[in-house]
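Protein chains in written order, with this note's numbering: chain A, 164 to 616; chain B, 1179 to 1612.
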């Protein structure tokens, strides 16, 4: 890191140099990516209000609610709640809730960043690591409570696939096109660590799957208990790995993950140093927004079958493709913007970091919550999904291993995502909702003929 | 290296002995180096008087020369147990414990003999005897027709070398050297990964071949084809291993030389026991290893029943951990000193040796005995093997290391161990089939 790091205010483009000692916030890739969607707050409007308390409150409100370009989608939230209460068509509730989730995810990340400025870099990093994928976590747990284990599995898998292929692919593609004449480099150490963690996660999914296929006989119940026990132990090991990764990222090897700062770039730089809202108000907003996310997620999970029937799409397609695209929209946009500016380390940090987080933190956490509730959720995500996951991880690891990038890499990753999406679009696997038996029998019988052991 | 004055360091005492060598000096290979740390300092003085004292000295060097010698009493106990009918699980446990120091002593003796025969033959000896314990265990399992134990123990050795030994070394080495950058030469790792991938192909093809046909259509012809495919693959794997030995010991030695420079360096240039006495000791130890292996293979089901662990878990996890204990400890110590090239040489070299030498030799010995052993190790096992090779190759491809790499490798091993811990074979499947 340069000893004389210069930072710029994002919104108004004024050059304002801050010395390194004043930077106490954590500039993780995640935070920086969503800061690209912020708007400049207009103090002028609010200053006309006479009372100071009301003025502060309105400024706060404006900062939080209107502080993003996605704020127009906030209107969907009251409509969704109204639709649910007045029993409009369930597909409408689904669509409106989905739209409402997009800005909420971005605001939660903004609030996390604001709070992180008060608590220091390490706790900030931890907060970001936990809350970064809050939307996916909440959707997963709510679906679990409603015993829709397949929706959980598909949505989490879809998040990983979307981060690895869609977000990364579009970033590399657009960044490559915008910087055709320049050489695009990034530090491969960060992507190596993430790829290794993803491979460990893949192993934990692969083994329960192989266990189910390596038996041609016998006792389905004994097999179930074996697979579930193995999944639970694997999840504990995955959480240990994630913990080690956090120690590595936030403490011992921070230099691998520090966001690049380019001195000769003028114009849009990184977010300002001072937080714009107070600590407690940030905390209160965060709690409030999490509550609204939980509400909307509950609507989404409850109405997903109705939407699937009405629109003619399989539930697996909706949970695998649509939900993650919506949940990741803000990060996605941020990653593309930074790729345009040839700051690939940040794009990679966002995409790969998010994928690792879901694979090594949200998935094991979900299995452990299921264990506590008493639901037998295992890590067997079925042959087709696990195969897609494996190929995505291998393709991404291979694409990123030489430390340079061009638009072909992005195009290939993107097309892989389209192929996987097409595959799930045309496959209509029956969804087994029986809480006692989570084996997806539809998939198993079709695959049984291919691999007999 | 010819006619240069070299400084040799006595391992145990750290003294510097100046030696002038006119011939190319013998650079010890990694696996020899790794077990040297377990040696205790030999008493250099040779008493001038009497064969008896020399014999006692010899005895002391061989038996007491290692920190693992405390486990040696397990050997006579195991033999006693077999003769007097102790409970079988005790015989199993004692035999296992007795194998650990024997493996280390055999590697010491191989190194001593290598001083007399020169570097190339020494390297060959090490290549053959380095995993003698696994080889003898495999042959005994074959003799008693326990093909499953054989397959699992060989697979477990490869997995243990690739994931456990390498993972714990990289992890502990990374923790000990947090501030330093840890690099290694990736050429050696690449060659080993290539050979392991070839071995993986030879396992995957019989597996898919046997499973791509509907079960009711599978006839003897196809079964035979799988066995013949495995035998041919075995011969090809031995050809590859021969080429690898040629590469390692003759044409590209510089990839594999252990960096022996300044500090605490490796074994002295002089053997501490004579050629013939080392040879006799080696033969004797091989016989004892054979006896103990026979006990292990004979009592494995009884131990599995009384300890309530599946035979697959015991052969896959417990046997290799014991057999590799000395090499494991050596790798960790060298990683702590930031000499990753040696660590990699030990772990990867051992994995390659088992995969490309011990496995094909078992298949060919089975051929001569008329047993239809094939290279199909089962879907679950082969996928674990494939995954481990890919993960390790990916980990080592950038030439530097940090502790997270070790964490991921160790946790992968733990997941695979957990899988086989929970995976109990149904009673209908016996050890004698497949």
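Cβ atoms here follow ideal geometry from the backbone N, Cα and C, with glycine treated the same way.
This structure is a prediction, so every number in the text was calculated from the model and none was measured.
Inter-segment contact for the stretch 1349–1361 of chain B and the stretch 1506–1522 of chain B is present: three or more beta-carbon pairs are separated by less than 8 Å.
Counting other Cβ atoms within 10 Å of its Cβ, residue 1279 of chain B reaches 16 or more and is therefore classed as buried. Put simply, the CB of residue 1325 of chain B is far from chain A, with every gap to its CB atoms at 8 Å or more. Contact annotation: residue 1281 of chain B and residue 1456 of chain B have beta-carbon atoms that are not nearer than 8 Å.
Cα atoms of residue 417 of chain A and residue 576 of chain A: separation of roughly 28 Å, rounded to the nearest angstrom. Counting only residues of its own chain and dropping the five nearest sequence neighbours on each side, residue 1272 of chain B has a CB closer than 7 Å to the CB of 1252, 1255, 1256 and 1259. Short of 8 Å from the beta carbon of residue 1322 of chain B, and not among the five residues preceding or following it, lie these beta carbons of its own chain, in chain order: 1475 and 1476. Within the same chain, Cβ atoms closer than 6 Å to the Cβ of residue 358 of chain A are found at 560, the five residues on either side in sequence being excluded. Chain B places no beta carbon closer than 8 Å to that of residue 562 of chain A, leaving this residue out of the contacts. Interface annotation, residue 1593 of chain B: in contact with chain A, CB-CB separation under 8 Å.
When secondary structure is reduced to three states using DSSP, residue 277 of chain A falls in the helix class. One finds 1580 in chain B with Cβ atoms closer than 7 Å to the Cβ of residue 416 of chain A, taken in chain order.
Annotation for residue 1388 of chain B: 1404 and 1554 place their beta carbon closer than 6 Å to its own, counting only its chain and skipping 5 residues before and after.
Under the Cβ criterion (8 Å, minimum of three pairs), the stretch 508–519 of chain A does not count as touching the stretch 266–282 of chain A. Along the length of the stretch 1281–1307 of chain B, whole beta strand (DSSP E) runs at least 3 residues long do not occur.
Below the 7 Å Cβ cutoff, chain A contributes 404 and 407 as neighbours of residue 1585 of chain B, in chain order. Cβ-Cβ distances below 6 Å link residue 1570 of chain B to 1340 in the same chain, with the five nearest sequence neighbours on each side left out; the list follows chain order. For residue 1520 of chain B, the enclosing alpha helix (DSSP H) stretches over residues 1518–1531. Interface criterion not met: the Cβ of residue 1506 of chain B is under 8 Å from no Cβ in chain A. Using a Cβ-Cβ cut-off of 9 Å, residue 351 of chain A is close to 1576 of chain B, given in chain order. In this structure residue 481 of chain A does not touch residue 299 of chain A by the C-beta definition: roughly 15 Å separates them, more than the 8 Å allowed. Across the stretch 1544–1565 of chain B, CB contacts with chain A closer than 8 Å involve 1556, 1557, 1558, 1561, 1562 and 1565, in sequence order along the chain.
Boundaries of the alpha helix (DSSP H) around residue 376 of chain A: 351–376. In the structure shown, residue 231 of chain A falls within a strand segment according to DSSP collapsed to helix, strand and coil. Secondary structure at residue 309 of chain A: coil, using DSSP grouped into helix, strand and coil. Within the model, the alpha-carbon separation for residue 286 of chain A versus residue 1376 of chain B is close to 47 Å. Spanning the alpha carbons of residue 1335 of chain B and residue 1492 of chain B requires a straight line of approximately 12 Å. Residues of chain B with a Cβ closer than 9 Å to the Cβ of residue 356 of chain A are, in chain order, 1580, 1582, 1583 and 1586.
Proximity of chain B to residue 373 of chain A at the Cβ level (cut-off 7 Å) is accounted for by 1557, 1558 and 1561, in chain order.
Cβ-Cβ separation between residue 1513 of chain B and residue 1347 of chain B: approximately 4 Å, consistent with a contact (criterion under 8 Å).
Interface annotation, residue 522 of chain A: not in contact with chain B, CB-CB separation never under 8 Å. The residues 1381, 1382 and 1385, in chain order, have a CB closer than 7 Å to that of residue 1560 of chain B in the same chain once the five nearest residues on each side in sequence are set aside. Check the Cα spacing between residue 1421 of chain B and each of B:1478, B:1357, B:1530 and B:1473: the tightest is with B:1530.
Between residue 229 of chain A and residue 344 of chain A, the alpha-carbon positions lie close to 37 Å from each other. Under the Cβ criterion of 8 Å, residue 1381 of chain B is not counted among the residues facing chain A.
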